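> Provided herewith is a single structure, encoded as structure tokens, for subsequent inquiry.
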Amino acid sequence: MKVVFSKCGNMCSSCPWGVWVRRNLTPEEWDSYAEDVKKYVGYNPTKNPCHGCQTPTEKLSKDVGVHNFLRGCSARKCAFHNEIRNCAYCSRYPCDKIKSLNLSNSREDAEERIGEPIPDDKYLAFVRIFEGMKNLDEIRSGLTSDQIQEVKMVDKKSPKVVAFPDAKKKHMKYKTLHDALSTIVTSDLGLIDTDTVAGQDMLMKRRAVLLRLLWITANYGSIEGVNLSVDSITINTHKKGTSGFPTTEGGWRRWLEILSKLGIHGDMKLAPLDKSELISPIGWLRDRIPGSNDPAWFLSVSLDKQHGGIGTLKKMQSYVKELEEEYDKRAFGRFTKADMRYLLDTG
198 MKVVFSKCGN MCSSCPWGVW VRRNLTPEEW DSYAEDVKKY VGYNPTKNPC HGCQTPTEKL
258 SKDVGVHNFL RGCSARKCAF HNEIRNCAYC SRYPCDKIKS LNLSNSREDA EERIGEPIPD
318 DKYLAFVRIF EGMKNLDEIR SGLTSDQIQE VKMVDKKSPK VVAFPDAKKK HMKYKTLHDA
378 LSTIVTSDLG LIDTDTVAGQ DMLMKRRAVL LRLLWITANY GSIEGVNLSV DSITINTHKK
438 GTSGFPTTEG GWRRWLEILS KLGIHGDMKL APLDKSELIS PIGWLRDRIP GSNDPAWFLS
498 VSLDKQHGGI GTLKKMQSYV KELEEEYDKR AFGRFTKADM RYLLDTG
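Numbering-wise, this note's numbering comes out as the position in the sequence shown, counting from 1, plus 197.
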């Protein structure tokens, strides 16, 4: 059978969620196969099979849960927007999105997650099929220059930041905080391809995570020296369904690298236990120590002097509290715009 690739390079024709594999398995064989999928991929394959990434969105069945993932996949949306077979044909390949999709999908990553070597046959069946960038590299190497399509750029969507109000002199102490938030909110957050469909989507999701994380840290964190510290349970409790929050230690540490480029320095400390106790069977970092209500890890952040350091962090704590008192459920929306117009109404 000819290999069917997804837009991002995964092998749809060998995917446990796809229709192809299931055609050749008896119910008994499927049960054994599904157990291997759970072990080596980390998830149970869904009951209703996926019809494949290359299927046009309007033809995706609504009763297949994984199709919701396909509809929202920014790499897929970008490839359809550019009318290309897969991302190997794009002039921006490999873009930020493709790189991000291939950060932790290697054989070594899978072996670290399950804690044992993976036999070659299991690697080929359950890991190699999701090493999308390897597949795209192979496809790209066989293309001629006239087969590479120039990306169709999109207009950048600039976030709205409310200008600092003409407030009273005593409120000017908030100006440094406003400047810091404005810089953070309008940053490209380390991304290069923000003029593409996939890049725009990545930027908006990263920005949403960053703002929610800052809000949680300021609202519920505690001052420790020059840092604001918050625990894992608090983060997971208050992230409010914001998609894109890291789920692994590696994911969080990559986020800390992104923040460092913005003048936000972070550190992550795990509870003093064997790390295996803090990792779930599918490789996710737990938010609490098993059998207890104690946090599994802590996150602390500090600001560069250019942002005002600990003084600005303390002011951010005051700011979010004042927003909540003034606007209640609308407070976070004001925070995302660095909106400080309420200062005009305070004494």
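Using N, Cα and C, we set each Cβ at its ideal position, and we do this for glycine too. Fair warning: this is a prediction, and the values are worked out from it, not measured in the lab.
1) Flag this pair as yes or no: are the beta carbons of P443 and R404 separated by less than 8 angstroms?
2) Measuring only the C-alpha atoms, how far is H264 from K511?
3) Assuming V382 and V358 form a contact by the criterion Cβ under 8 angstroms, report the distance between their Cβ atoms to the nearest whole angstrom.
4) Once the 5 residues before and after F327 are set aside, which same chain residues still bring their CB inside 6 angstroms of it?
5) Give me, in chain order, the residues of the same chain whose beta-carbon lies closer than 6 angstroms to that of S288; leave out the 5 immediate sequence neighbours on both sides.
6) Just how far apart, CA to CA, sit K366 and K372?
7) What residue does the alpha helix (DSSP H) around F161 start on, and which one ends it?
8) When you compare only the Cα positions, how much space is there between E255 and R268?
9) DSSP three-state call for R485: helix, strand or coil?
10) First and last residue of the beta strand (DSSP E) that includes M197?
11) Which first and last residues belong to the alpha helix (DSSP H) in which S338 is found?
12) In chain order, what residues of the same chain lie with their CB nearer than 7 angstroms to the CB of V324, ignoring the 5 residues before and after it?
13) Starting from E421, trace the beta strand (DSSP E) both ways and give me its first and last residue.
14) Go through its chain and collect everything with a Cβ distance to S211's Cβ below 6 angstroms, but skip five positions before and after it.
15) Under 8 angstroms, do A231 and N221 count as touching if we go by C-beta distance?
16) Based on Cα-Cα distance, which residue from E522, G488, I507, L453 lies nearest to L496?
17) Return the CA-CA distance between S419 and S426, expressed in angstroms with no decimal places.
Concretely, from the data shown:
1) Translated into positions along the sequence shown, residue 443 becomes position 246. Translated into positions along the sequence shown, residue 404 becomes position 207. No; because the gap between Cβ atoms is not below 8 angstroms, this pair is not in contact.
2) Reading the sequence shown from its first residue, position 67 is the one you call residue 264. Reading the sequence shown from its first residue, position 314 is the one you call residue 511. Answer to the nearest angstrom: the Cα atoms are 44 angstroms apart.
3) Locating residue 382 in the sequence shown gives position 185, where the first residue counts as 1. Locating residue 358 in the sequence shown gives position 161, where the first residue counts as 1. Contact flag correct, Cβ pair sits at about 6 angstroms.
4) Within the sequence shown, the letter at position 130 stands for residue 327. Excluding positions up to five away in sequence, the list reads N207, N302.
5) As a working mapping, residue 288 is identified with position 91 in the sequence shown. Within the same chain, S288 has close Cβ partners I345, E347, V348.
6) Counting from 1 along the sequence shown, the entry for residue 366 is found at position 169. Counting from 1 along the sequence shown, the entry for residue 372 is found at position 175. If you take the alpha carbons of K366 and K372, they lie about 10 angstroms apart.
7) In the structure as shown, the chain begins at 198 and stops at 544. Residue 161 is therefore absent and cannot be evaluated.
8) Translated into the one-based positions of the sequence shown, residue 255 becomes position 58. Translated into the one-based positions of the sequence shown, residue 268 becomes position 71. Approximately 9 angstroms, taken between the alpha carbons.
9) Counting from one through the sequence shown, the residue named residue 485 turns up at place 288. Strand at R485.
10) For the chain, the structure presents residues 198 to 544; residue 197 sits outside this window and is missing.
11) Residue numbering aside, residue 338 sits at position 141 when the sequence shown is read from its first letter. That run of the alpha helix (DSSP H) goes 329–338.
12) By 1-based counting over the sequence shown, the position of residue 324 is 127. Cβ within range, chain order: Y237, R304, A307, I315.
13) Position 224 of the sequence shown, counted from the start, is the residue given in the question as residue 421. First-last of the beta strand (DSSP E) with E421: 419–421.
14) To locate residue 211, count along the sequence shown from 1; it is residue 14. Contacts found: I326.
15) Walking along the sequence shown from the start, residue 231 turns up at place 34. Walking along the sequence shown from the start, residue 221 turns up at place 24. No, the pair does not count as a contact, with Cβ atoms beyond the cut-off.
16) Counting from 1 along the sequence shown, the entry for residue 496 is found at position 299. Comparing Cα-Cα distances from L496 to each of E522, G488, I507, L453, the minimum goes to L453.
17) For the purposes of this step, residue 419 is taken as the residue at position 222 of the sequence shown. For the purposes of this step, residue 426 is taken as the residue at position 229 of the sequence shown. So the two alpha carbons sit approximately 5 angstroms from each other.
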